[in-house]
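Below is one structure, written out as C-alpha cells; the observations come after it.
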Amino acid sequence: MKLLVKPSNAGVSPVREIALKLIYDVNEKGAYANLALDKALSASDLSISEKRKVSEIVNGSIRMTKRLDWVLNLFLKQEVGKQHPWVRNILRMAVYQLLMMDKVADYACVNEAVQLTRLKSRQEVLVRVVNGVLRSIIRKKKEIEWPEDPIEYLATYYSHPEWIVELFLDLYGASQVENILKYNNRPAPLVFRNNELLGSRGELIRALEAEETVCSPSINTPWGVNVTRLNNSIANLSSYQQGRFYVQNDASMLAAPILNPQSGERVYDLCAGVGGKTTHLAEYMKNEGNIWAYDIFGPKIDMLQHNCRRMGITIVQPRLQSVLELEPDLPLARRILLDAPCSGLGVLNRRADARFRKDLKDMGQLFGLQSGLLRKAVDLLEPEGLLLYSTCTINPPENQEQILSLLEEGKVVLEGFADSLSFWGLDAEDREQAAQGLLTLLPGKYYTDGMFYALMRRKN
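Number 465 in my numbering belongs to position 439 of the sequence shown; there are no gaps in the numbering.
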C-alpha cells in the first residue's frame, strides 16, 4: 500500500511529538491533562504559537476521545481498546486533527502519524494499519454514521459519559443539554479579574495591550477582561507580577457582590483554595477588616498567601485546618463564604479529562461533606449574619436540595440578591431565582462556567 506522505517532510514536528507524549500519559498512565500540559510547555522552548497548537491538539484529542474512538472503530478490524497503546493514541490524535482542526493538511497529518507509529512501535505492520485507516477516514469522513439511540448519540458525538448525559437530560431537557454539551467542548474562555485596589479596569486593559495582549472588557461584570490572545505566558506579564489581576471566570466573580462584605467586618472563607474568591472579597472590603481563609491542603494555602502578597492584600489570614474540626468558641463572623467541594459538573470544559474521571458513585460522599460544612458554617455565623453557599456544579442534590434540607432546620432563611447583580444581564427566569436567594448559571448560557449560589441570613 502506498503511504500518504510528503517526502520533503518525512520527520516528526516537535509539536506533534510533545502532544502525543502528553496524550499517551493521560490516557495510559492516568496523568492529569492540565498539570501534564503545564509542566511540559513550561519546560519546552516552543514558540507561543507552537504551544497553542500543542494545547489544542492535546486538550481536543482527550476531550473528544469518545467521538474519536467511535469513528476509529468503524474503520479498524480490532477495536481501539485492543490496539497497541501508542498506536491508539496516535490514531486519536490524527483523527482529531483530520476531523476537527482547521488548516491541517491531510498529507502532513498522515505523514507524521506514520512516522510516529514507526518510531514508537517499530512494527511496519502497524505502520500500514495507521496509514490505511487514516486514508480511509479521509475518503469517507462525510459518510460517518452516528448511533441512533438519542442518549448514545449525544454521549458519543459530544464525547461525554452516558451517565452525565442522562443526568443532564433528566434535569434540563434535550435542547438545553445539547447547548451545555457543545459548550463543554469549547476551550474555556480566558478572563482576568481586575484588582480594584491597584487601579481601574481601563488602566489594566491599557497595560495589557502595551504587552501585546488582545483583550476587551467583559459584558458580564465590571471587573472582567476577556483575553483572546496572549503573546507571553501569564506569569511573565508585568501586570500579573504587579498583582493587577487574577485569572477568574465571570461566573466565579459573583460571590463577592452577592455576599457584599463591608470594610472592617469579620469574614470567614471556609474552603478558600488558592484564593480566587478570597482576594475578591478583600477587594470589596477595600482591604480593611479581617478574612480568615481556611483550607485543608498546604499547597493551596501557600498559593493563597502568594496571591495575597502579589495583589497587595493584607487582611487575609490563611489557616491550614479542617472546617469540620474548628473549635466551638471561635468568634462569630458577620459574613461567611462556603465555596463547597463538589462534582464540578458545571466546569467540564476547564479540564479535558475531567468528564472521564467523574463517577456517580463518588457523589454520595460529597453530599455528606457538603451537608456537614453547611451546618458548621451556620454555627459560625452571628445573628443576622449572611452565609453564601456556592458550587461549580449544576446538580440539584448538591445545590438546591442541600439548601432546602438546611432551611427545614429553621436556623436560616433565604436572602434575595437580584439587586446586587444589576450589572449582569440576567434573563427573567434567573433574575426571579436571584430575588428568592438562589441562582443556577448553566454552562455557556452567558458564555461562562456553570455555578450555583444560595444566600442565607441567620435568624436572630
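No residue lacks a Cβ here, since even glycine has one placed at the ideal position from N, Cα and C. If you're wondering where the values come from, they're calculated on a predicted model, not measured in any experiment.
Residue i burial status per 10 Å Cβ neighbour count (16 or more: buried)
i, result
"D385", "exposed"
"E273", "For the sequence presented, residue 273 should be read as Val rather than Glu. Burial call: exposed."
"P409", "exposed"
"E424", "buried"
"Q141", "buried"
"V80", "buried"
"D355", "exposed"
"S34", "Because S34 sits at a pLDDT of 36, beneath the cut-off of 50, its placement in the model cannot be relied upon, and the point is left open."
"R148", "exposed"
"A139", "buried"
"N262", "exposed"
"V84", "buried"
"G121", "Residue identity differs from the one stated: residue 121 is Val in this sequence, not Gly. That one is buried."
"K332", "In the sequence as presented, Lys is not what sits at residue 332; that position holds His. When all chains shown are included, H332 counts as exposed."
"D365", "buried"
"Y209", "buried"
"A236", "exposed"
"F194", "buried"
"W172", "exposed"
"R335", "exposed"
Neighbourhood of residue i by C-beta, 7 Å cutoff - its chain only, sequence neighbours within 5 removed
i, result
"L308", "First, the residue type needs correcting, since residue 308 is Ala and not Leu in the sequence shown. Counting only Cβ-Cβ distances below 7 Å, and skipping sequence neighbours, we find I317, I339, I341, V342."
"R212", "N375"
"C418", "C368, G370, G372, V373, D475, G476, M477"
"Q426", "L464"
Residues near residue i by beta carbon distance below 8 Å, same chain, minus five either side
i, result
"G442", "A460, A461, Q462, G463, L481"
"Y472", "N246, D276, A277, W450, G451"
"L224", "Q268, G269, R270, M337, G338"
Rounded straight-line distance, which links the Cα of residue j to that of residue i
i, j, result
"A59", "Y183", "21 Å"
"E76", "V41", "6 Å"
"K166", "L160", "10 Å"
"F382", "I231", "37 Å"
"T305", "E105", "49 Å"
"T474", "G301", "19 Å"
"S19", "L102", "Residue 19 is absent from the model: the chain starts at 27 and stops at 486."
"D95", "A380", "18 Å"
"E54", "M90", "16 Å"
"N252", "S226", "15 Å"
"I44", "E351", "45 Å"
"L406", "N221", "29 Å"
"V38", "A298", "44 Å"
"E169", "E188", "24 Å"
"R377", "I116", "21 Å"
"L468", "L63", "27 Å"
Proximity test, Cβ basis, 7 Å: residue i and chain B
i, result
"V404", "The chain inventory of the structure shown lacks chain B, comprising one protein chain alone."
Contact set for residue i: own chain, Cβ-Cβ below 6 Å, skip 5 residues either direction
i, result
"N421", "S369, L371"
"W450", "N246"
"Y479", "I284, S416, L465"
"K32", "With a pLDDT of only 40 at K32, under 50, the local geometry of the prediction cannot be trusted, and the value read off the model is given with reservation. Only Y133, N137 meet the Cβ criterion."
"A57", "D51"
Contact test: residue i Cβ vs the ligand ADP heavy atom, cutoff 6 Å
i, result
"G451", "Among the ligands in the structure shown, none appear at all, so the ligand ADP cannot be discussed."
task = Counting only runs of 4+ residues fully inside the segment 228-293, write out the alpha helix (DSSP H) ranges in chain order.
result = Complete alpha helix (DSSP H) runs here, min 4: 264-267, 281-285.
query = Can you list, in chain order, the stretches of the alpha helix (DSSP H) that have 4 or more residues and sit fully within the segment 129-185?
reply = 132-147, 150-166, 176-183
Alpha helix (DSSP H) runs wholly inside the segment 298-378, at least 4 long, in chain order = 302-310, 324-337
key: Inter-stretch contact (C-beta, 8 Å, three-pair minimum) for the segment 62-73 and the segment 121-139   = no
request  = Decide if the segment 280-291 is in contact with the segment 324-339; the criterion is three or more beta carbon pairs, one per stretch, under 8 Å apart.
outcome  = No: the two stretches stay apart, fewer than three of their Cβ pairs being nearer than 8 Å.
query = In the segment 437-486, which residue ranges form an unbroken beta strand (DSSP E) of at least 3 residues, counting only runs that do not cross its ends?
reply = 438-440, 464-467, 477-484
inquiry  = Whether or not the segment 257-275 and the segment 224-241 are in contact is what I'm after, with contact meaning three or more pairs of Cβ atoms, one per stretch, closer than 8 Å; do they touch?
reply    = yes
request  = Give a yes or no on contact between the segment 191-199 and the segment 105-120, applying the rule of three or more CB pairs nearer than 8 Å.
outcome  = no
request  = Please list the segments of the alpha helix (DSSP H) lying wholly inside the segment 56-121, counting only runs of 4 or more residues, in order along the chain.
outcome  = 59-69, 74-89, 91-101
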